[in-house]
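Just below is one structure, and these are the notes that go with it.
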Amino acid sequence: MSFKDRLAGMQQSYNDSQSQYDSMFGGVKIAPGNYIAQLQKAVIVESKTSQKLMIKREHIITDGEFQGHVVYDYMHLESPMGFTFTRKWIEQMGYEAPDDPAELEDLVEAISDEGAAVKVNVKHSGDFVNVSVVELLDGPADAGTAETTGTTETTETAPVEKAKEETEEEVKEEDPLNLSLLAFCEAQDIEVEEDDTNEILAERISAYDWPEKELTVDEVKMFKSANIEHAIQKPKPTAKKKTVKKKVAKKR
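With the first letter of the sequence shown counted as 1, position 245 gets the number 246 in our numbering; the numbers rise by one all the way through.
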């Protein structure tokens, strides 16, 4: 069978990869910064790799250069700080966190159905996108424009307008090192706080020993930039075998 025939037989897998691509890398084209957005969807799902539960969120940008673009992110529930960040998000969305975690699924669905207008902050970590809710604006957002007879008028609430003005004025410089440290901590299940400084993140990471052979080139560079190169375990030097020269008896 030719490569072409084999690839043709992978049509379904190829089609399925689009949603996964959108979920993982769909927001890469959106520049880091604050945006006015609408929560399009929030649902609890199971990771296909770790089988751990997480909240998958989709926000659509409703204003500016990237209007209409969707950013995706995941809130991990079964990580050390998972429920802490989940509680924060629930309260930001105007709800009260339940006493029983079993109620989270219905609560997340209710938040999703409301489709509230929010200000979000978009950050990049390599090819991945991190989205955090900055503040709730005022109920459901109007993602586009409302069509009326013969006219089209924008229906934005006052809080949305105010947040838009604030967003346009903000020029937030991103710290690549901070993003890298945060991403590394999350990947390694190291407990962090959202406002941790580079120094605090470096201290959390350096509390462990990291074999150099298990780190990528970029991660080693990150360790050096954060001045925690001492936490990298260097491979032990291989002992060189001594060569014994045989003495050759000279003829008399």
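Each residue gets a CB set at the ideal place from its N, CA and C atoms; glycine is no exception.
Asked                                                                                                                                                             : Found
Should E230 go down as buried or exposed, given a rule of 16 or more other Cβ atoms within 10 Å for buried?                                                       : exposed
Should Q189 be labelled buried (16 or more other beta-carbon atoms within 10 Å of its own) or exposed?                                                            : exposed
Are the CB atoms of I56 and Q41 within a distance shorter than 9 Å?                                                                                               : no
Nearest-angstrom Cα distance between D210 and K235?                                                                                                               : 10 Å
Can V130 and K120 be called in contact, C-beta distance under 9 Å?                                                                                                : no
Buried or exposed for Y15, please, with buried defined as at least 16 other CB atoms from any protein chain shown within 10 angstroms of its CB.                  : exposed
Let me know the secondary structure DSSP gives L137 once reduced to three states.                                                                                 : strand
Can you tell me whether D196 is buried or exposed, with buried defined as 16 or more other CB within 10 angstroms of its CB?                                      : exposed
In chain order, what residues of the same chain have a beta carbon less than 8 Å from the beta carbon of I112, not counting five sequence neighbours either side? : L40, A43, I91, M94, Y96
Shortest alpha-carbon distance to L105 belongs to which of T87, N122, D114, G116?                                                                                 : T87
Can you tell me whether A9 is buried or exposed? The criterion is at least 16 other CB atoms within 10 Å of its CB, across all chains shown.                      : exposed
If we ignore side chains and look at the alpha-carbon of each, how far apart do C186 and D6 end up?                                                               : 43 Å
If L183 and L202 are in contact, beta carbons under 8 Å, what's the gap, nearest whole angstrom?                                                                  : 7 Å
Using C-beta distances below 7 Å, list every residue in its chain close to I191, excluding the 5 sequence neighbours before and after it, in chain order.         : R205, I206
How would you label S48, buried or exposed, when you count the other beta carbons within 10 angstroms and need 16 or more for buried?                             : exposed
Among residues of its own chain, excluding the 5 on either side of P238, which ones have a beta-carbon nearer than 7 Å to its beta-carbon?                        : none
What does the Cβ neighbour count give for E59, buried or exposed, with the cut at 16 atoms within 10 Å?                                                           : buried
Here's the rule: buried if 16 or more other CB atoms are within 10 angstroms of the residue's CB, otherwise exposed. What is S51?                                 : exposed
Where does V218 sit, in a helix, a strand or coil, going by DSSP?                                                                                                 : helix
Taking the beta carbon of S80 as the centre, do at least 16 other beta carbons fall within 10 Å, making it buried, or is it exposed?                              : buried
The beta strand (DSSP E) spanning N199 covers which residue range?                                                                                                : Here N199 belongs to no beta strand (DSSP E); instead the alpha helix (DSSP H) covers 199-207.
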